[in-house]
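Notes follow once the structure below has been shown.
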Amino acid sequence: MEHAEHKQQATLKSYAIGFALSIALTLAAYGLVTERVLVGGTLVAALLGLAVAQLVVQMWFFLHIGEETGGRLKLATFLVTLMLVLIVVAGSIWIMGHLNYQMMSSPGAMQKYIEGQQAF
Amino acid sequence: MNAEHAREVAAAEFWVYLMTDLIMFSVLFACYAVLHTATYGGPTAAELFSLPNALVETLILLVSSFTSGLAMLAVHANKKDRAMAWFGATFILGAAFLVLELKEFHELIVDGNGPQRSAFLSAFFSLVGTHGLHIFTGLLWMAVAMVQMKKKGLSTFIVSKLERLSLFWHFLDIVWIFLFTVVYLMSRIA
Amino acid sequence: MGRILFGNLTWAALPHEWFTVGGTFALTTVLAFIVIFLTRRKLWKKLWKGWLTTTDPKRIGIMYIVVAAAMFFRGIMDAAMIWIQQATSVGSSQGYLTAKHFQEIFTAHGDIMVFFVTMGLIVGLMNIVVPLQIGARDLASPFLNTLGFWLFVAGAILINMFFVFGGEFASAGWLSLPPLAENAFSPGTGVDYWLWSLQISGLGSLLGGINFLITILKMRAPGMTLWRMPMFTWTTLCSSALILASFPVLTMTTLLLWADRYFGMHFFTTDFGGNPMMYVNLIWMWGHPEVYILVLPSFGIFSEIVSTFARKRLYGYSSMVLAAMAITVLAGLVWLHHFFTMGAGADVNAVFGLSTMLIAIPSAVQILNWALTMWKGKIRFTSPMYYFLGFVALFALGGMAGLLLASPAADYQLHNTLFLVAHFHTMIVGVALFGIFAGMTYWFPKVTGFTLDEKWGKRAFWLWLAGFYVAFTPLYILGSMGAQRRLDHYAASTGYQPFYITASIGLGIMLLGAAAQIMQLAVSIRNKKKLADVSGDPWDGRTLEWSTPSPPPFYNFAIVPEVRDRDAFWEMKEHGRVKEPETYQDIHMPANTPLGIYIAGFSLLAGFALVWHITWMIVLGLAGAVVCVIVRSFDEHTEYVVPAKRVEELEKARIAAQAQARP
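Residue numbers (the working numbering), protein chains in the order written: chain A, 728 to 847; chain B, 70 to 259; chain C, 1208 to 1870.
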């Protein structure tokens, strides 16, 4: 049975490359945190960047998002889903952050608000 | 619908289902992002999560993703026994992952840091636990698939199922990358 | 021992209030009638083979509509009970319902009408029409189709089960908002029934979304590019995309509420760090796309109807498609307008207010295109066209009300008043329901082989339209006066009562409209020979479904048609390509399967067991469903072949019968 020609170069080499890259990206992220190379916002950005990089690696090498049969539909639906995921996560963080801020549940928040308003 | 078209259609349907699963996970990620500071006076993520343990879990899952890829290469080369062996290896690695995760859960619960302790812990257990449930489902599926492979060989019918299984397994590893990053690595931001 | 066997279920859960006794009695009577009827006529085998285990989307679609119609009856009863309470419960009178019972009724009314009536009717129409419109013989996955239907039924059963076991339904509004929906304030089984009924039927909806998306993308007839698809198929595609984008959010959010209730977690509680506002945020992330899922198909239906009855190509096809896509995308970007008043601040409110107002633009584009389609057309004013005109008026009215609500400043006045209630009912009745009524009239001959009586159809339309205005205009006024929604009692000094009473009269008129529809059905069945649709094309239609006989054979098309243009059938008629095929081919059809019912049955069992915390039953239900799925996965013989010779026989017999029937 010839299945080989259906797949986009799904060879041992491509799986091995994907695997090696993923290990490298994982260890890099781990090292960034344990060796305290970066902190705060920059660390968040770097970690997310490394995660996204590994996502792309795995989508390409493991999930064969570049293959000819069905590849376009896969990519299109994946990009739409990615956008939805961003809306759900970022949207929630943005909205809930604002709601929590307005709750003024932390001590001194009311004071800060009044000071900020000044002309209130 | 001929067999080739049917296989294409089934693959497309499964991919779309995976996308909806991603959206379900995004809700859990959103909850974790919003609630992870709501510790209600209890211990924080930085205090509770062991990074080395998480790294080991990550590497196990990564290797299992690789072995499942090797299994699919064997399937497409029509090498049934080799495919069985690699799927077997994937299964064992997946089971090992679950054991480590259950151990972590058990330790947390025994210390009084179960999901009922705070919103933060509810979010943690649900996010990581849902992923774990997916792994468990994948293992169950893998066992059934291996039985089917043994009984029916590598017909188109079986191969298309195995393709979906391996897709599922890779997808779970991808979700774990973000879990590892957001829950474990980012617990040490400060 | 009793705890292990029965969980939290006790004798006290059995019916002992007037409405639970009444409800149980009604349900068992109807069930008994059906069972006795089927047994006496020896119809069980036929029912099982022809309908219950079928994978034919035409039959599954009819079953969806039948179940939805039955649930419509329940939903209208709930509406009537609400209205009578609100019309009479003034000043010293407390009406006839307790506050708690009233809350359960408006909760049930909302859930039933949205999930089981509107969704059911729409998915039913999609099942019947879409495969025919794209020249396909079935959906991409016939198995998922029957499974999705039976999960829908399981959810419908579960939402009615409290009549028999438990005696109370959820009373926290149709979306069960925490903290009211949490254990602390809703300790009974009501919210749990809500949870599992929606979870199970929601899974069915999700499967349907996947199925329709892939069917439309991958199973169109040769030559039918995306830009040659009929508008109803386009809007089905858009609705399916929205289902796929939003239902996972509903699934997970309700699961988290369940986790709070069942395991004592703290996602949305008021203590231990929980945040009820997160639930509101998440549930509306699903909730807003949901309402567009409900109205988009109607836009498609009206596009078909206007171009058919105006005997003209749809004007501005491309802009219609783009408008549908724009509405689909925007639907996912506006959800915060449901909670402007929750306090996210001016910045956030402004962004979502603007995005909400943007939806007015594609809506207006659609209306313009319909009007331009009618311009200089040879219009036949059939009852579907009547529904279209009523829809345009109500769409404009409800849309403008929506535009007003989209402004956060105005919304602070109008949020959760009757103004909001009037707005969304205008959209659901005036847009979604009128579209469904029009579509059902339009496609009725295709399904049954005879048209509906036009006289009664027009009477029903006028009653619905007049009833709607009489019922909801008072609500717009009351809302502007500040009347809060969901009021079970109010002071006489508010001056609300005359408006509530007027609204009740309106409901009565709408009920007459529903009665007229039943009359229409009865009269049509009696006259079905006279009203017979012999040619299969009673309206001189433009799309492929009209190229098949009425009703179509189980395989839809003997030969898969070749499409050369938009309005595929019109093109075939214009170029004389409508004729008997010269050779026939083997046809592959999906076999029946009982596994849809079995899996849904196990899910129903598990859902019931989860409500009552009966652990062994939960395990049994889940395990049973899983085993069925595994059994299915071993089945290699899910299709059967209809040999070319047999197809030829069937086709020749059908054509001969048609020739005889024609005068």
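C-beta atoms are modelled at their ideal positions from N, C-alpha and C, and glycine is treated no differently.
### Message
Restricting to runs no shorter than 3 residues, where is the beta strand (DSSP E) found entirely within the stretch 1270-1343 of chain C?
### Response
none
Flag Asp1467 (chain C) as yes if its beta-carbon sits less than 9 Å from any beta-carbon of chain A, otherwise no. no
| query | Would Phe1509 (chain C) pass as a contact of Phe1595 (chain C) if the rule is Cβ separation under 9 Å? | reply | yes
Using C-beta distances below 6 Å, list every residue in its chain close to Asp1793 (chain C), excluding the 5 sequence neighbours before and after it, in chain order. Val1848, Pro1850, Ala1851
Check whether the Cβ atoms of Pro1338 (chain C) and Pro1797 (chain C) lie closer than 9 Å to each other. no
With hydrogens ignored, establish whether the beta-carbon of Gly1550 (chain C) is closer than 8 Å to any heavy atom of the ligand SAM.
The ligand SAM is absent from the structure shown, which contains no ligand whatsoever.
Tell me which residues of the stretch 1537-1550 of chain C have at least one Cβ-Cβ distance to chain B shorter than 9 Å, keeping chain order. none
Would you check if the stretch 102-115 of chain B and the stretch 178-198 of chain B touch, i.e. whether three or more CB-CB distances between them fall below 8 Å? yes
CB contact below 9 Å: Gly793 (chain A) versus chain B:
no
Point to revise | Residues of the stretch 1550-1566 of chain C whose Cβ lies closer than 7 Å to any Cβ of chain B, in chain order | key: none
Using a Cβ-Cβ cutoff of less than 7 Å, which residues in the same chain neighbour Tyr1703 (chain C) once the five nearest sequence positions on both sides are dropped? Leu1685, Ala1690, Tyr1697
Worksheet item: What three-state label does DSSP hand Phe118 (chain B) in the structure shown?
Response: coil
| task | Under 8 Å by Cβ, that's how I've got Leu248 (chain B) and His200 (chain B) pegged, so tell me the actual separation to the nearest angstrom. | result | 6 Å
Problem set entry | chain B residues whose Cβ lies nearer than 7 Å to that of Ala756 (chain A) | Thr250, Leu254
Of all Cβ atoms in chain C, is any one closer than 9 Å to the Cβ of Ser229 (chain B)? no
Please tell me whether Gln785 (chain A) and Thr753 (chain A) are closer than 9 Å, where the distance is taken between their beta carbons. no
Open item on the list: Checking the sheet assignment: what are the DSSP bridge partners for Ala1739 (chain C)?
Closed with: C:Phe1657
Chain-ordered residues of the stretch 1442-1457 of chain C with a beta carbon less than 8 Å from chain B: Leu1451, Ala1452, Phe1454, Pro1455, Val1456
Using DSSP bridges, identify the partner residues of Thr1846 (chain C). According to the sequence as given, residue 1846 (chain C) is Glu; it is not Thr. Per DSSP, C:Pro1797.
Among all the DSSP beta bridges, which residues are the ones paired with Gln1691 (chain C)? C:Thr1624
Q: Name, please, each residue of chain A whose Cβ falls closer than 7 Å to the Cβ of Asn1488 (chain C).
A: Ser819, Ile822, Met823
Nearest-angstrom Cβ-Cβ length linking Phe1475 (chain C) and Met1485 (chain C), presumed shorter than 8 Å = 6 Å
*Could you tell me which of B:Leu91, B:Met255, B:Thr127, B:Gly111 sits nearest to Ile750 (chain A), measuring between CA atoms?*
B:Thr127
Open item on the list: Classify Gly1209 (chain C): buried if its beta carbon has 16 or more other beta carbons within 10 angstroms, exposed otherwise.
Closed with: exposed
Backbone CA spacing between Ala1220 (chain C) and Gly1373 (chain C) [nearest angstrom]
4 Å
ask   = Mind checking whether Phe193 (chain B) and Val812 (chain A) have CB atoms under 9 Å apart?
value = no
Pair within 9 Å by beta-carbon distance, Val132 (chain B) and Phe746 (chain A): yes
* **Proximity to Leu1489 (chain C) [Cα-Cα], best of C:Tyr1676, C:Leu1694, C:Asp1478, C:Leu1540** => C:Leu1540
| said: Please tell me whether Leu806 (chain A) has its Cβ less than 9 Å away from any Cβ of chain D. | reply: No chain D appears in the structure shown, which is made up of the protein chains A, B and C.
Check: Would you say Leu800 (chain A) reaches chain C, if we count a Cβ-Cβ gap shorter than 9 Å as a contact?
Finding: yes
Limits of the unbroken alpha helix (DSSP H) element including Tyr1872 (chain C)
The question about residue 1872 (chain C) has no answer here: the residues shown for chain C are numbered 1208 through 1870.
Can you pull the chain C residues whose beta carbon is under 9 Å from the beta carbon of Val78 (chain B), in chain order? Ala1347, Ser1348, Ile1421, Thr1422, Lys1425, Met1426
Checklist entry - Taking Cβ-Cβ distances shorter than 7 Å, what residues in chain B pair up with Ala778 (chain A)? => result Ile246, Phe247, Thr250
Min CB distance Met1270 (chain C) to chain A below 9 Å: no
Under the three-state DSSP convention, the category Ile1211 (chain C) falls into
helix
Exercise. Assign Asp1660 (chain C) to buried or exposed, taking buried as 16 or more other Cβ atoms, counted over all protein chains shown, within 10 Å of its Cβ.
Key: buried
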